[in-house]
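Protein chains: 2
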Amino acid sequence: MDTRTLCLAVLLRGDASGYEIKKEFEDGPFSHFQLASFGAIYPALSKLAADGLVTVTEQEQDGRPDKKVYRITESGRAVLVGELHKHPHRDRYRSDFLFMLFFADCLAPQRIAELIDERRDFYRETVARMDDCDSLPTPGHAFVHGFGRAVYAAAADYLETNRDAFLETVETDPSKISTREAAE
Amino acid sequence: MDTRTLCLAVLLRGDASGYEIKKEFEDGPFSHFQLASFGAIYPALSKLAADGLVTVTEQEQDGRPDKKVYRITESGRAVLVGELHKHPHRDRYRSDFLFMLFFADCLAPQRIAELIDERRDFYRETVARMDDCDSLPTPGHAFVHGFGRAVYAAAADYLETNRDAFLETVETDPSKISTREAAE
DNA sequence: TCAGACATATATCGGAACGATACATAGGAC
DNA sequence: GTCCTATGTATCGTTCCGATATATGTCTGA
Numbered sequence: 001m002d003t004r005t006l007c008l009a010v011l012l013r014g015d016a017s018g019y020e021i022k023k024e025f026e027d028g029p030f031s032h033f034q035l036a037s038f039g040a041i042y043p044a045l046s047k048l049a050a051d052g053l054v055t056v057t058e059q060e061q062d063g064r065p066d067k068k069v070y071r072i073t074e075s076g077r078a079v080l081v082g083e084l085h086k087h088p089h090r091d092r093y094r095s096d097f098l099f100m101l102f103f104a105d106c107l108a109p110q111r112i113a114e115l116i117d118e119r120r121d122f123y124r125e126t127v128a129r130m131d132d133c134d135s136l137p138t139p140g141h142a143f144v145h146g147f148g149r150a151v152y153a154a155a156a157d158y159l160e161t162n163r164d165a166f167l168e169t170v171e172t173d174p175s176k177i178s179t180r181e182a183a184e
Numbered sequence: 001m002d003t004r005t006l007c008l009a010v011l012l013r014g015d016a017s018g019y020e021i022k023k024e025f026e027d028g029p030f031s032h033f034q035l036a037s038f039g040a041i042y043p044a045l046s047k048l049a050a051d052g053l054v055t056v057t058e059q060e061q062d063g064r065p066d067k068k069v070y071r072i073t074e075s076g077r078a079v080l081v082g083e084l085h086k087h088p089h090r091d092r093y094r095s096d097f098l099f100m101l102f103f104a105d106c107l108a109p110q111r112i113a114e115l116i117d118e119r120r121d122f123y124r125e126t127v128a129r130m131d132d133c134d135s136l137p138t139p140g141h142a143f144v145h146g147f148g149r150a151v152y153a154a155a156a157d158y159l160e161t162n163r164d165a166f167l168e169t170v171e172t173d174p175s176k177i178s179t180r181e182a183a184e
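One line per chain: the protein sequences are G and E, in this order.
Yeah, the first sequence ends on 184 if you go by my numbering, and it's all consecutive.
Yeah, the second sequence ends on 184 if you go by my numbering, and it's all consecutive.
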């Protein structure tokens, strides 16, 4: 999904400024499976306004900088629903964490343990935070929430279960950096 | 990880052309947690060669176009190991599939069922393919392989377990497109 | 008290990457 | 005989990320 569609999606759930839309991708339910940066959001909102898919209202605020509040229009809703009916792009997952562990023989065992523990804690905390959340207004929201929870929990469990055996194997394994030369 | 580092990583495991590196990101073990396109790989390889991190050998082939085979150098290995010791970037996951299911109240139940079934099959097939793979040369490779398998399996299980209840809820739920007006 | 960190808010810029396309050649399918 | 797939290199337009600039208020701790 491009950033314009993501902005429409946030606005479908209520009026918001660019800053608030960004927060939605930091903390909100979308944060687990979509990203958007300021550098993508602000141009996207300008384009949406130019195309009549959203309206803008400038709000003066005392103490804080002025705010531009965006609201989705009927055309905007139609475009969003249209996007929702296209064939979904394949999932894209990028993980430096797994990339590093893949080359565990280039890292010190202590560093590997750090990486794994940090990540396991992150997954556990995320699951706990998701369990605290009790407002799941739509069936779709609840289903996606449950999916994310299941996956995070499985990831944490795997790390916990296999951590020690992995570290032992790495420490025992005599092959340091695996190079082409080593194979020749 | 930027594309230059990813190319170094592939080359650490053996010499390869740009085309073969791309295939590695389509079918190889990296394909599950890193991506790279031709538009990123070819400029990256040129830059790596200019910086002396890889060497190039042009190979004529009968029947096929010429091939440029890249080989990682000692400097290249050092740079890769340096990257491996940096703090890992946070994981980035983008899923149009989850995005669409989030707005399930904008879709026909039949379409939702299609999306879920297709995705569940994909996860099941991926797990089966991973189980067939029997060459896991390094501990890191094996650990990451197991992690991926666990997560894919959990995802497939969740979809299978919750599919029917979800579809019933969606069909029963009277709220079609949830708009701001509906909340007012 | 006042420096520094943090939150709110909009916006742009350089560089990186995606996806499509171009070009070239060969083999197999229908 | 034409079309699709596979091998192979390369660029181009568009989009997007991450850092930075700018402005202002609050809160916190030496």
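Backbone N, C-alpha and C fix where the C-beta goes; we use that ideal spot for every residue, glycine too.
Please read these numbers as outputs of a predicted model, since none were measured by experiment.
Counting C-beta pairs closer than 8 Å gives three or more between the segment 86-105 of chain G and the segment 85-100 of chain E, which meets the contact rule.
Among the residues of chain E, those whose CB is under 9 Å from the CB of Y93/G are H32, F33, Q34, L35, D91, R92, Y93, R94, S95, following chain order.
Below the 8 Å Cβ cutoff, chain G contributes A104, D105, F166, T169, V170, D173 as neighbours of P139/E, in chain order.
Per the DSSP secondary-structure output, T57/G pairs in a beta bridge with V69/G. For the segment 4-43 of chain E, not one full-length beta strand (DSSP E) segment reaches 3 residues or more.
The beta-carbon of Y158/G is placed less than 8 Å from the nearest beta-carbon of chain E. In the three-state DSSP reduction, R64/E falls in the coil class, being neither helix nor strand. Secondary structure of R94/G (DSSP, three-state): strand.
Within chain G, no residue has its beta carbon less than 9 Å from that of F38/E; the closest one is some 16 Å off. Around G146/E, the beta-carbon contacts reaching into chain G at under 8 Å are Y158, N162. In this structure T57/G is exposed. Its beta-carbon is surrounded by fewer than 16 other beta-carbon atoms within 10 angstroms.
Around the CB of G82/E, fewer than 16 other CB atoms lie within 10 Å, so the residue is classed as exposed. Within a 10 Å sphere around the beta-carbon of Q61/E sit fewer than 16 other beta-carbons, which makes this residue exposed. Here K47/E really is in contact with R4/E; their C-beta atoms are around 6 Å apart, less than 8 Å.
Between P88/E and the set L115/G, P109/G, L136/G, the nearest pair of CA atoms involves L115/G. When the Cα atoms are used, R163/G and S135/E turn out to be separated by approximately 21 Å.
Of the candidates D2/E, Q59/E, Y152/E, Y152/E places its Cα closest to the Cα of V127/E. Rounded to whole angstroms, D51/E and Y42/E show a C-alpha spacing of 14 Å. In this structure, DSSP gives G82/G a helical state, which the three-state scheme calls helix.
Per DSSP, reduced to three states, the secondary structure at P88/E is coil, with no helix or strand assignment.
In this structure, the CA atom of V10/G is about 43 Å from the CA atom of R13/E.
The continuous alpha helix (DSSP H) containing F147/G extends over residues 139-172. Comparing alpha-carbon positions, the option among V144/E, T73/E, D105/E, F122/E lying closest to T172/E turns out to be D105/E.
In this model, H85/E and A44/G are separated by some 36 Å (Cα to Cα). Between V79/E and L107/E, the CB-CB gap reaches or exceeds 8 Å. For F122/G, the enclosing alpha helix (DSSP H) begins and ends at 109-132. For D2/G, the three-state secondary structure derived from DSSP is coil. The closest CA to that of A155/G, considering only A142/G, L167/G, E118/G, is found on E118/G.
When secondary structure is reduced to three states using DSSP, S135/E falls in the coil class, being assigned neither helix nor strand. Around the CB of G140/G, 16 or more other CB atoms lie within 10 Å, so the residue is classed as buried. F99/E carries a helical assignment under DSSP once its states are collapsed to helix, strand and coil. Straight through space, the alpha carbons of V69/E and V144/E are spaced by roughly 28 Å.
Neighbours of V81/E in chain G, taken as residues whose beta carbon is under 9 Å from its own, are F103, C106, L107, I177 in chain order. In terms of Cβ geometry, F99/G and F25/E do not form a close pair [threshold 8 Å]. At a cut-off of 8 Å between beta carbons, V69/E makes no contact with chain G.
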